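J.: Shown below is the structure under consideration.
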Amino acid sequence: MQKRWLVVGGGTAGCVVAARLSDVATYHVTLVEAGDGQGGRLDGASSLADLAVASGVWPSLQAYVQGRGLGGSSRVNGAVLSGDGLDLLPADTVTDAELGPVDRALLAASPDARPAVLARRQGRLLSAHDIYLAPVRERTNLDVVSGAEVRAIRFDGSRAVGVTLADGGVIDADAVVVCAGAVHSPVLLMRSGVVAPGMGEFADHPSRVIDLLLDRSAVVGDDRLVTGAVLRRSGTEIVPLNHVGAGAPGRGALVVGALRHRRRGRVTIDGDVRLSFDPLDPDDATALGEAVTLAVNLLDSRPFRGVVAGWRITDAVGYFHAAGSCRAVVDTDGAVAGHEGLYVADSSALELPASGLYAPTVALASRVASTLAS
Ligand SMILES: Cc1cc2nc3c(=O)[nH]c(=O)nc-3n(C[C@H](O)[C@H](O)[C@H](O)COP(=O)(O)OP(=O)(O)OC[C@H]3O[C@@H](n4cnc5c(N)ncnc54)[C@H](O)[C@@H]3O)c2cc1C
Numbered sequence: 000m001q002k003r004w005l006v007v008g009g010g011t012a013g014c015v016v017a018a019r020l021s022d023v024a025t026y027h028v029t030l031v032e033a034g035d036g037q038g039g040r041l042d043g044a045s046s047l048a049d050l051a052v053a054s055g056v057w058p059s060l061q062a063y064v065q066g067r068g069l070g071g072s073s074r075v076n077g078a079v080l081s082g083d084g085l086d087l088l089p090a091d092t093v094t095d096a097e098l099g100p101v102d103r104a105l106l107a108a109s110p111d112a113r114p115a116v117l118a119r120r121q122g123r124l125l126s127a128h129d130i131y132l133a134p135v136r137e138r139t140n141l142d143v144v145s146g147a148e149v150r151a152i153r154f155d156g157s158r159a160v161g162v163t164l165a166d167g168g169v170i171d172a173d174a175v176v177v178c179a180g181a182v183h184s185p186v187l188l189m190r191s192g193v194v195a196p197g198m199g200e201f202a203d204h205p206s207r208v209i210d211l212l213l214d215r216s217a218v219v220g221d222d223r224l225v226t227g228a229v230l231r232r233s234g235t236e237i238v239p240l241n242h243v244g245a246g247a248p249g250r251g252a253l254v255v256g257a258l259r260h261r262r263r264g265r266v267t268i269d270g271d272v273r274l275s276f277d278p279l280d281p282d283d284a285t286a287l288g289e290a291v292t293l294a295v296n297l298l299d300s301r302p303f304r305g306v307v308a309g310w311r312i313t314d315a316v317g318y319f320h321a322a323g324s325c326r327a328v329v330d331t332d333g334a335v336a337g338h339e340g341l342y343v344a345d346s347s348a349l350e351l352p353a354s355g356l357y358a359p360t361v362a363l364a365s366r367v368a369s370t371l372a373s
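In numbering that gives the first Met the number 0, the protein residues as written are 0 to 373.
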């Protein structure tokens, strides 16, 4: 008899976990995803509104983007790779011919800027679905169910025995791996009665977006790479955007982050899902201020003349790097304390690294799944 695994959420971690667990012939794996089942990147969408229509993001969280559908956040993210787990993804450095005008200005303005390393093959950006799930989707011991939102985990005593769906349906299982992302994984656990002090508290990198009005000569089509370079110096990261989609022609951006610092917040359920952020600690605010000052000084330098006609520091969050919101209840192998057959293997179980989260989330999911598969 096969052991029945149920993976909740077919995003970055869920695709890795479902693929790894279904390597084991004595396991049967059901992957349940709330969004659509197409899985590919949504690079054609030019705005958040487009993405919401395409159901590629959670519409209730537009100010704090979270991907939806197979691939999850890896279908809408920047695909700029850094941190642990680089060896687990197809990592490809941007070539000189692919650089956009804002990339080139940044590279010329700072010796610390480098061409970006992107998750892609043969020039095509890849979601976790493309990399991990698509090659194994035909396996007979793997069922992929899309368009099905999990409402709660079901227990027999302290043992997880399946889930209830938002439409009232039930799926039975012998074990459940929660991979609904740093916002929705704690929501699911809290709704299922898994609570502990600190549950739902997450960390993110302090960040800001500097909007750029591009000189006419620097405007490129939205078929070109959004980001082709990155500057990293002493914990500061500056990511140039050569365009921001057809919805805002002639615009670019510099996204600025303080990667060694923390912006703390919490996920709560108040009828709907709510995110709140604490004010930045003085040290973290200083680090972000220094990062923004570095970016502004670069914008004032010669390489940016003729590329940027004007700029404006906005209040917008630049990074969506929430992590750690379930760490209050998981051990290092992803097991949920006090429960049998219940695991968490996504960014909600990750301690915020001083890097991006795509590769580190893949690394964590891969490690937890390998332990469960052994
Ligand atoms: C816009 C954006 C840009 C980013 N850019 C970068 C970058 O360039 N480099 C980098 O390293 N990192 C980047 N990140 C961060 C990185 O992509 C994410 O941290 C990582 O992909 C999170 O993976 P995850 O598996 O934890 O969650 P996700 O990939 O978000 O997956 C969660 C999945 O669970 C599903 N789900 C949620 N609730 C339920 C439910 N109740 N029932 C069923 N399914 C459910 C969701 O629809 C989703 O598919 C970016 C993130 C965003 C949002």
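Just so it is clear, CB atoms sit at the ideal spot from N, CA and C, and this is done for glycine as well.
All values derive from a computational prediction rather than experimental measurement.
(1) With distances taken Cα to Cα, identify the nearest neighbour of aspartate 173 among His27, Gly355 and Val328.
(2) Which residue wins for smallest C-alpha separation from aspartate 86, given the options Ala247, Tyr357 and Ala372?
(3) Within 6 angstroms: the Cβ of serine 191 and any heavy atom of ligand 1?
(4) Look at the alpha carbon of glutamate 137 and the alpha carbon of arginine 123, and state the distance between them as a whole number of angstroms.
(5) Hey, which unbroken runs of the beta strand (DSSP E) at 3 residues or more fall wholly within the stretch 195-238?
(6) Relative to ligand 1, is the shortest distance from any of its heavy atoms to the C-beta of aspartate 35 smaller than 6 angstroms?
(7) Looking only at C-alpha atoms, which of Ser373, Tyr318, Met0 and Trp4 sits nearest to isoleucine 152?
(8) For glutamate 339, does the three-state DSSP call read helix, strand or coil?
(9) Do the stretch 70-83 and the stretch 349-368 meet, that is, are 3 or more Cβ pairs less than 8 angstroms apart?
(10) Just the C-alpha distance for proline 239 and tyrosine 63, rounded to the nearest angstrom, thanks.
(11) Should serine 157 go down as buried or exposed, given a rule of 16 or more other Cβ atoms within 10 Å for buried?
(12) Please report the distance separating the alpha-carbon of tyrosine 131 from that of aspartate 102.
(13) If you draw a straight line from the alpha carbon of aspartate 171 to that of aspartate 155, how long is it in whole angstroms?
(14) Keeping to the same chain, check which residues put their C-beta closer than 8 angstroms to that of aspartate 282; ignore five residues upstream and five downstream.
(15) Classify serine 376: buried if its beta carbon has 16 or more other beta carbons within 10 angstroms, exposed otherwise.
(16) Does at least one heavy atom of ligand 1 sit under 6 angstroms from the Cβ of alanine 118?
(17) Three or more C-beta pairs closer than 8 angstroms, one from the stretch 134-148 and one from the stretch 330-345: is that the case here?
(18) Quick check: the stretch 229-239 against the stretch 92-111, are there 3 or more CB pairs under 8 angstroms?
(19) What residue does the beta strand (DSSP E) around threonine 94 start on, and which one ends it?
(20) Strictly by DSSP, which residues pair up with aspartate 171?
(21) Note down, in chain order, each residue of its chain lying with its Cβ closer than 6 angstroms to the Cβ of arginine 232, except the 5 sequence neighbours on either side.
(22) Are the beta-carbon atoms belonging to leucine 287 and proline 205 less than 7 angstroms from one another?
(23) Identify whether phenylalanine 154 lies in helix, strand or coil by the three-state DSSP scheme.
(24) Looking only at its own chain, which residues have a Cβ that is under 8 angstroms from the Cβ of proline 196, when we skip the five neighbours before and after it?
(25) Do threonine 11 and alanine 127 have their C-beta atoms within less than 7 angstroms of each other?
(26) DSSP beta-bridge partners for tryptophan 4?
(27) Is histidine 128 a contact residue of ligand 1, with contact defined as CB to any heavy atom under 6 angstroms?
(28) What span of residues does the alpha helix (DSSP H) with threonine 331 cover, start to end?
(29) Around the Cβ of asparagine 76, are there at least 16 other Cβ atoms within 10 angstroms (buried) or fewer (exposed)?
(30) With a threshold of 7 angstroms on Cβ separation, who are the neighbours of aspartate 214 within its own chain once the five nearest residues in sequence on each side are excluded?
(31) If you run the structure through DSSP and keep just helix, strand and coil, what is aspartate 283?
(32) Given glutamate 32, which residues of its chain have a CB within under 6 angstroms of its CB, disregarding the five upstream and five downstream residues?
(33) Is the distance from the Cβ of valine 361 to the Cβ of serine 324 below 7 angstroms?
(34) Which residue or residues does DSSP assign as beta-bridge partners of threonine 267?
(35) Distance, Cα to Cα, leucine 212 vs serine 365?
T.: A quick look at the data gives this:
(1) His27
(2) Tyr357
(3) Outside the cutoff, so no.
(4) 23 angstroms
(5) Those beta strand (DSSP E) runs which fall completely within the stretch 195-238 and span 3+ residues are 200-203, 206-213 and 228-232.
(6) no
(7) Trp4
(8) strand
(9) yes
(10) The straight-line gap from Cα to Cα measures roughly 20 angstroms.
(11) Exposed: under 16 other Cβ atoms inside 10 Å.
(12) 30 angstroms
(13) 11 angstroms
(14) His260
(15) What is shown of the chain runs 0 to 373, which leaves residue 376 out entirely.
(16) no
(17) no
(18) yes
(19) Neither: threonine 94 is in no beta strand (DSSP E) and is coded neither H nor E.
(20) Gly161
(21) Asp111
(22) yes
(23) Judged by DSSP in its simplified three-state form, phenylalanine 154 adopts strand.
(24) Ala327
(25) yes
(26) Val28 and Ala174
(27) no
(28) Neither: threonine 331 is in no alpha helix (DSSP H) and is coded neither H nor E.
(29) Buried.
(30) Around aspartate 214: Gly305, Val306, Val307 and Ala308.
(31) DSSP places aspartate 283 in helix when its eight states are reduced to three.
(32) Within the same chain, glutamate 32 has close Cβ partners Gly9, Leu69 and Ser145.
(33) Cβ distance not < 7 angstroms, so valine 361 and serine 324 don't count as in contact.
(34) Arg273
(35) Looking at the two C-alpha atoms, the distance is approximately 41 angstroms.
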